[in-house]
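Everything below concerns the one structure shown next.
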Amino acid sequence: MTENQYTDGNRAFLQAIMARGAFTLSEGKSMLAAILSVQEEKRIDADEVSQQMFDSYIAAAADAVSCFEYEIHSTQHQVTKNRIYAFVNSVSDPLTQIATVRTPDELLYIRRLIDAMFETNNTKRKEVMAIRSMQALESKIRKGTSEKSITQAEAEKLLTILEREKWLERSSEGFYSLAPRALIELRSWLVDTYNDSEDLDGWQKVKFCEACKEIVTVGERCSDLDCIIRLHNICEAAYWRSRPSRTCPKCKLEWKGGNFVGEKAVISIEENLRQKGKGLKRTRPSQHDETSDDNDKEPEQRQEDVTPGSKRIARRESSPTSETHAELSLASDGDAEDD
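In the numbering used here, the protein residues as written are 5 to 343.
This is how it looks when you write it as structure tokens:
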């Protein structure tokens, strides 16, 4: 596009992109429709903006900022499947984009937050790559091992800002995870920081969808804990249609499903333990039943049970709650071993 072809409408669209940082396809078309309405002095609705027209404005904006080491990338949202566009820094330290208006203490908190997602909450047994809102406010995340720290109120405010700026997403279950903007911006940094460059064929912290080749933080994994094959839920159906069988392309095990990546990895375990606890509680005899059985005995039999000078020996039984806690502890120990 020549300088004469690059209009005020193109400039306004680029400014809108830079101000938002990240936006969906529908939001982008609405932005462009509003600009064109002013430029052409007539109302233009978003549905009148064709994909071809929108792509041409995106390409012009990307070309205009390329000399300043910025790019406009797009990806599909891992859950909603919406097309997401992001204005990203192409060469400098990716964290500088997030840290532009942050204090040094806030930047350290953000780093510890990401460490919690991709180190602490990302093991062979549970690839969560997200953090509960309460865990994000714990002192070990806010303070770490250094003197640099932020208060709980400051952390809550920062999390809200990062969510509003579309660096983070908060799910209905209360988990924070990296939003598409952050996954695009931090892609190379995440791989360099958390993956083992000397063992490229081994298990890695950051893994990619076998179908679309984008980072997977929500999806499914192979049932082999050492296998690195992952699939987005939104890519799975089309991928298996293109395959002769539902077997892992790497280890050849049957792909049964139900091996989750993301917050569902921990939610499904918690739900299974709750259901197991309820089942044990239903099978345990009630106090009323035990009393009734005792009352049904003949008087002579009850008298034999409690003879003068005899001692009762109470046998302690484990409760369903104890068994559930034990399983949770075992699950935690397993993760610690994986780390």
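Glycine included, C-beta positions come from ideal geometry on N, C-alpha and C.
None of the values given here were measured: they were computed from a predicted structure.
Inter-segment contact for the stretch 101–121 and the stretch 244–260 is absent: fewer than three beta-carbon pairs are separated by less than 8 Å.
One thing to note: residue 140 has its Cβ no nearer than 9 Å to the Cβ of residue 157. Take residue 195, set aside five residues on each side of it, and the residues of its chain with a beta-carbon closer than 7 Å to its own are 210, in chain order. Separation of residue 240 and residue 37 (C-alpha to C-alpha, rounded to the nearest whole angstrom) is 34 Å.
DSSP places residue 241 inside the alpha helix (DSSP H), whose first and last residues are 237–245. The residue from 113, 204, 226 and 264 with its alpha-carbon nearest to that of residue 257 is 226. In the three-state reduction of the DSSP assignment, residue 60 falls in the helix class, which pools H, G and I. Residue 177 sits in coil when the DSSP states are folded into three classes, being neither helix nor strand.
Within the same chain, 117, 120, 121, 125, 179 and 180 come within 7 Å of residue 135 by CB-CB distance, once the 5 residues on both sides are set aside. The beta carbon of residue 214 is closer than 6 Å to those of 233 and 235 in its chain, skipping five residues each way along the sequence. Excluding sequence positions up to five before and after residue 50, its CB lies within less than 6 Å of the CB of 33, 34 and 37, all in the same chain and listed in chain order.
Excluding the 5 residues flanking it on each side, residue 12 has same chain C-beta neighbours closer than 8 Å at 43, in chain order. Counting C-beta pairs closer than 8 Å gives three or more between the stretch 12–29 and the stretch 61–81, which meets the contact rule. DSSP, reduced to helix, strand and coil, places residue 80 within a strand of the structure shown. Look at residue 14 here: in three-state DSSP terms it is helix. Exclusion of the five residues before and after residue 82 leaves 222 and 236 as the residues of its chain whose Cβ lies within less than 6 Å of its Cβ.
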